[in-house]
Amino acid sequence: MGKTLIVFDFDWSFVDQDTDRWVFEVLSTPLRRLLQTRKSAGTGSQCTPDVVHETMADLAEAGFTKEQVLDALRILPVHPAMKRAVRGLKERKGEDVEFLCLSNSNVVYIGTILKHHGLEDLFSEIITNPAEWSSENPNRLNIGRRLPASEPPHGCTIGCLANMCKGDELEAYLAKRGGRDAWDKVVYVGDGGNDFCPLVRMKAGDWGLVRKGMELDERIREEGDKVGLKVVVKKWEQAWQIEEYFQEL
Ligand SMILES: [Mg+2]
Ligand SMILES: [Zn+2]
Numbered sequence: 205m206g207k208t209l210i211v212f213d214f215d216w217s218f219v220d221q222d223t224d225r226w227v228f229e230v231l232s233t234p235l236r237r238l239l240q241t242r243k244s245a246g247t248g249s250q251c252t253p254d255v256v257h258e259t260m261a262d263l264a265e266a267g268f269t270k271e272q273v274l275d276a277l278r279i280l281p282v283h284p285a286m287k288r289a290v291r292g293l294k295e296r297k298g299e300d301v302e303f304l305c306l307s308n309s310n311v312v313y314i315g316t317i318l319k320h321h322g323l324e325d326l327f328s329e330i331i332t333n334p335a336e337w338s339s340e341n342p343n344r345l346n347i348g349r350r351l352p353a354s355e356p357p358h359g360c361t362i363g364c365l366a367n368m369c370k371g372d373e374l375e376a377y378l379a380k381r382g383g384r385d386a387w388d389k390v391v392y393v394g395d396g397g398n399d400f401c402p403l404v405r406m407k408a409g410d411w412g413l414v415r416k417g418m419e420l421d422e423r424i425r426e427e428g429d430k431v432g433l434k435v436v437v438k439k440w441e442q443a444w445q446i447e448e449y450f451q452e453l
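Sequential numbering of the sequence shown, starting at 205, is according to the working numbering.
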């Protein structure tokens with residue numbers, strides 16, 4: 205039996221929320237509004253880490269603490285069926301399955317949530333934006349870009365945000381882990397517009413587990429044929445359906 209790589213987007217895929225928005229929704233409506241206003245000034249529905257970084261500075265300035273931010277993350281909804289799905293697959297396939305997290309959130313948010321649910325060892329790697337608590341103000345979380353602004357742009361023409369091309373990241377990971385041929389199947393679980401790029405790079409027989417009615421679903425409908433999408437697209441709405449798909453692996 206060959207090896208399977210399960211790639212998870214995080215927001216609205218592994219978890220049932222958008223981490224960036226959730227922290228503000230839990231703590232402060234005015235700052236949630238400010239995030240929205242700043243985000244709308246850019247393009248697309250997803251936040252760049254720059255916008256979140258800026259608004260997290262405002263959150264600390266308003267007197268909110270590191271512990272309050274961490275508490276907000278700990279109560280972020282993670283569906284019990286998703287936890288069961290990944291644990292079950294890991295138990296059944298052992299060394300023949302590997303999990304990769306590919307997300308536009310950040311290391312602190314993802315790390316905090318996984319640890320709270322006892323899943324800190326699930327992913328072999330978490331590819332996301334860097335983040336750290338400020339040395340000047342311990343309550344301020346500084347969030348950076350996976351691809352720093354000082355580096356040459358990634359040049360993706362599929363429409364990834366400037367801070368990360370998820371398709372490039374997936375290809376680099378596969379290259380590092382023995383090349384695509386070392387894997388029997390790649391399964392990608394996603395919902396967002398920036399999950400389209402990695403799906404385009406995947407092969408016939410790979411699976412795209414696409415959350416129904418969200419941006420990725422729409423992009424596949426509108427652009428899938430045009431770009432010659434080869435993956436088998438399977439739709440899901442709730443985590444229990446991911447568990448069902450995983451049982452077929
Ligand atoms: Mg997402
Ligand atoms: Zn891309």
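Glycine included, every Cβ here is placed at the ideal spot set by N, Cα and C.
Check, Outcome
"Coil, strand or helix - residue 268 by DSSP", "coil"
"Neighbour-count burial assignment, residue 253, 16 or more Cβ in a 10 Å radius", "buried"
"Simplified DSSP assignment, three categories, for residue 424", "helix"
"Cβ neighbours of residue 220 in the same chain (closer than 6 Å, five flanking residues each side left out)", "281 and 283"
"Residues of its chain near residue 210, where Cβ-Cβ distance is below 6 Å and the 5 sequence neighbours each way are ignored", "303 and 391"
"Where residue 385 falls, given that 16 or more other Cβ within 10 Å makes a residue buried", "exposed"
"Assigned exposure category for residue 213 - 16 Cβ within 10 Å defines buried", "buried"
"Where the alpha helix (DSSP H) containing residue 450 begins and where it ends", "443-451"
"First and last residue of the uninterrupted alpha helix (DSSP H) at residue 214", "Where residue 214 is concerned, there is no enclosing alpha helix (DSSP H), given that its DSSP letter is neither H nor E."
"Distance cut-off 7 Å: residue 395 Cβ against heavy atoms of ligand 1", "yes"
"Residue 331 - DSSP class collapsed to helix/strand/coil", "strand"
"Distance between residue 234 and residue 240 (C-alpha atoms, nearest Å)", "10 Å"
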